[in-house]
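Q:
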Amino acid sequence: MSENHDHHDGQDDHELRVSKIRSGTVIDHVRGGQALNVLAILGIDGTDGEEISIGMNVPSDRFARKDIVKVEGRELSQDEVDVLSLIAPDATINIIREYEVVEKHRVERPDVVEGVLSCPNSACISTGDEPVASRFEVLDDGVRCAYCETIVRDEIPSLIDT
Ligand code: CTP
Ligand code: ZN
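In UniProt numbering, the protein residues as written are 1 to 162.
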């Protein structure tokens, strides 16, 4: 062999080297550094044997750098997409079937997310014994609990109800 690197999939050195997937979801244009949080939101830790490919801080046309997450054999729920939009507001969700992109849409930030994040304030009515669904208003740079007004920015991934 004259070359000292792997021929992954025939792409040249300037292209992304993450293999195409057969069917599932490609979450593209994720903010650089957020890929592991995307996995956390999807509840993926690798122990269930899911086939996942990740690119982190790879060059992008649209931004200086992006992350990309490919999940084989799974499509996302609207709740999952809503939470993703909080940490990856520019993400594109691509649904892949038989290697083709059959659907592509940008995530949209909802005005409110209900029942998907738990309030970090232990005195908040939404975290008590009474069954009150959590409710957060979506701000430009974070979320605000509708009950106690606690504002959360960087810690959103750690508040995801699983
Ligand atoms: N992709 C994949 N497996 C496939 C088909 C596509 O992993 N079988 C990935 C591509 O690598 C790309 C994303 O899904 O990261 C979207 O594919 P495509 O729409 O073909 O790429 P672009 O036109 O570059 O997407 P965009 O315009 O959204 O940047
Ligand atoms: Zn609260």
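Here a beta-carbon is modelled for each residue, glycine too, at the ideal position from N, C-alpha and C. All figures in this text were calculated on a predicted structure; none of them were measured in a lab.
What does a CB cutoff of less than 6 Å around E103 pick up in its chain, not counting 5 residues either side in sequence?
A: So the qualifying residues of the chain are I95.
Q: V81 by DSSP, collapsed to three states: which one?
A: Helix, per DSSP.
Q: Enumerate in chain order the residues of its own chain whose CB-to-CB distance from V143 is below 6 Å, with the five nearest sequence positions on each side excluded.
A: Result list for V143: F136 and V152, in chain order.
Q: Please classify N57 as buried or exposed, where buried requires at least 16 other C-beta atoms within 10 Å of its C-beta.
A: Exposed is the call here.
Q: Mind listing, in chain order, the residues whose beta carbon lies closer than 6 Å to a non-hydrogen atom of the ligand ZN?
A: Result: C119, N121, C124, S126, C145, Y147, C148 and T150.
Q: Out of K66, L84 and H105, which one is the CA nearest neighbour of G43?
A: Here the closest residue by C-alpha is L84.
Q: Report the rounded CA-to-CA distance for V26 versus T92, giving the unit in angstroms.
A: Roughly 8 Å between the two C-alpha positions.
Q: Which word fits K20, buried or exposed, when buried means at least 16 other C-beta atoms lie within 10 angstroms of its C-beta?
A: Exposed is the call here.
Q: Going by beta-carbon coordinates alone, are I68 and V30 separated by less than 8 Å?
A: In this structure, V30 lies closer than 8 Å to I68 by Cβ.
Q: Based on the DSSP secondary-structure assignment, which residues constitute the bridge partners of T92?
A: BP columns for T92 point to D28 and R106.
Q: Spatial neighbours of V132 within its chain, please: C-beta separation below 7 Å, excluding the five flanking residues on both sides.
A: Answer for V132: I125 and S126, listed in chain order.
Q: According to DSSP, what are the bridge partners of N55?
A: Note that residue 55 is Gly in the sequence shown, not Asn. In the DSSP output, where bridge partners are listed per residue, G55 has I68.
Q: Which class does L86 belong to by DSSP, given the choice of helix, strand or coil?
A: Helix.
Q: Assuming V143 is part of the beta strand (DSSP E), what are its boundary residues?
A: G142 to C145 is the span of the beta strand (DSSP E), which, as asked, contains V143.
Q: Report the residue from C119, V138 and D79 whose alpha carbon sits nearest the alpha carbon of C148.
A: Minimum Cα distance to C148 is reached at C119.
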